[in-house]
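Quick notes on the structure that follows.
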Ligand code: NAD
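Residue numbers (our numbering): 823 to 1192.
Here you go:
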């Protein structure tokens, strides 16, 4: 008797999530016990992290690839046992709509291509993960979210740290005030990048410098540890080698005004190396270094080690998204979260040259802070 209201509620929930014509498709896909992922863009992250991670996942597997480089087709097909019918290029990409092996398209292209391929994949009836940053402008993010709604498909962002034990612990400590109110948050992420041929230094392709690439993790950390959305942001371009970093910033600092008033300073750079996050309360210092890498993460509480495991973050992220789709549950890192972050990033860039405090009025209010 007690289970009945729950079952009724769950049934209502799933009806609300999907319109009736899509229900038949969802029902068919739900019979699968693993979802097929197709990686779009076989560069360093797809080849170095995502494809190997997909060999360790439980709820999904590498079913297909999309590449503009014919030599990669045979190499990947052999290495990962991918049938020819699941290999696409950028011209025949839309035919993926007819391929039932592929449930999720994972866009791992340069930043300015995320919006186009995400929307095309959604229109082809696929669920999508877009790598971070979600796009190169907030306006594009809005188009992507709208496309997901229209297609009744799920859209997530490649925010792997929301599945990583140390970062989850930092979220818990900050949000639950485990050691009291946070007095300050400091986050820095940067690495030297001087190769001019890299798309990351081309503003049109990247949308910006280290903020788009790695500073976005620090921006997220400030929100997921404070558990708050910022009211305004003040930013400053503090590039050292202005001659070299003309197109995109070399180093940038910013600070967010939160409702609680927690102090914070964030720095991101293609000129310096750092990878840390420090939270301070009146009694405790909780620190991570490295914080945002794929592995080897370390955290301390007043100098004592956290002793948490390092896991395959990408496998955890993709398994969770596959499970969200199969079970119809909420994703921790939905497209709306990527859009929220781009809303702030657009303002950081707008204010960077003048150093003026930029209001974040109108910031998308989303449930999922963590
Ligand atoms: P990369 O340059 O190594 O790979 C990009 C891929 O896109 C290459 O295979 C390239 O051939 C392909 N491509 C297609 N059209 C292209 C074009 N017009 N110009 C350039 N390349 C083109 O880059 P990457 O490091 O793999 O990054 C890809 C995306 O993944 C970026 O959005 C990046 O921010 C993101 N990323 C995320 C993480 C993470 O931890 N979540 C880590 C690394 C990269």
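Glycine is no exception: its CB is placed at the ideal position from the N, C-alpha and C atoms. As the structure is a computational prediction, the values presented were derived from the model and not from experiment.
Helix, strand or coil for residue 882? Go by DSSP, reduced to three states.
Along the chain shown, one-based indexing puts residue 882 at 60. Strand at residue 882.
So, under 8 angstroms CB-CB, residue 1102 and residue 1006 are touching, yes? Tell me the CB distance rounded to an integer number of Å.
Counting from one through the chain shown, the residue named residue 1102 turns up at place 280. Counting from one through the chain shown, the residue named residue 1006 turns up at place 184. Contact flag correct, Cβ pair sits at about 5 angstroms.
Burial state of residue 914, where buried means 16 or more other Cβ atoms lie within 10 Å
In the chain shown, the residue the question calls residue 914 occupies position 92. Exposed is the call here.
With burial defined as no fewer than 16 other Cβ atoms inside 10 Å of the residue's Cβ, what is the status of residue 1180: buried or exposed?
Taking the first residue of the chain shown as position 1, residue 1180 is located at position 358. Per the 10 Å Cβ criterion, buried.
Please return the same chain residues whose Cβ sits closer than 6 angstroms to the Cβ of residue 932, not counting the five positions on each side in sequence.
The residue you call residue 932 lines up with position 110 of the chain shown. The residues 1021, 1027, in chain order, have a CB closer than 6 angstroms to that of residue 932 in the same chain once the five nearest residues on each side in sequence are set aside.
So what does DSSP say about residue 1013, is it helix, strand or coil?
On the chain shown, residue 1013 is found 191 positions in, with the first residue counted as 1. Collapsing the DSSP output to three states places residue 1013 in coil.
Measuring alpha carbon to alpha carbon, tell me which of 1053, 1096, 1083, 1055 ends up nearest residue 1073.
In the chain shown, the residue the question calls residue 1073 occupies position 251. Checking every option, the nearest Cα to that of residue 1073 belongs to 1096.
Residue 992 by DSSP, collapsed to three states: which one?
Sequence index remark: in the chain shown, residue 992 carries index 170 (1-based). The answer is helix: DSSP assigns residue 992 an H, G or I state.
Residue 867 beta carbon near the ligand NAD (any heavy atom closer than 7 angstroms):
Taking the chain shown and counting its residues from 1, one reaches residue 867 at position 45. Yes, since a heavy atom of the ligand NAD falls inside the 7 angstroms radius drawn around the Cβ of residue 867.
Provide the residue span of the alpha helix (DSSP H) that contains residue 1146, from first to last.
Taking the chain shown and counting its residues from 1, one reaches residue 1146 at position 324. First-last of the alpha helix (DSSP H) with residue 1146: 1135 to 1149.
Can you tell which of 886, 1139, 1165, 1150 has its C-alpha closest to the C-alpha of residue 880?
The count along the chain shown starts at 1 and reaches residue 880 at position 58. Of all alpha-carbon atoms in 886, 1139, 1165, 1150, the one lying nearest the alpha-carbon of residue 880 is that of 1139.
Rounded to the nearest angstrom, what separates residue 989 and residue 892 at their Cα positions?
The residue you call residue 989 lines up with position 167 of the chain shown. The residue you call residue 892 lines up with position 70 of the chain shown. Put simply, the backbone Cα of residue 989 is about 39 angstroms away from that of residue 892.
Check the DSSP bridge columns for residue 857 and list the partner residues they point to.
The residue labelled residue 857 in the question sits at position 35 within the chain shown. Per DSSP, the beta bridge partners of residue 857 are 882.
Around the C-beta of residue 1135, are 16 or more other C-beta atoms found within 10 angstroms, so that it is buried, or is it exposed?
Position 313 of the chain shown, counted from the start, is the residue given in the question as residue 1135. That one is buried.
Can we count residue 863 as close to the ligand NAD, meaning its CB is less than 7 angstroms from some heavy atom?
Taking the first residue of the chain shown as 1, we reach residue 863 at position 41. Residue 863 Cβ: within cutoff of the ligand NAD.
Rounded separation between residue 860 and residue 948 - CA only
Here residue 860 refers to the residue found at position 38 when the chain shown is read from its first residue. Here residue 948 refers to the residue found at position 126 when the chain shown is read from its first residue. Distance between the alpha carbons of residue 860 and residue 948: 10 angstroms.
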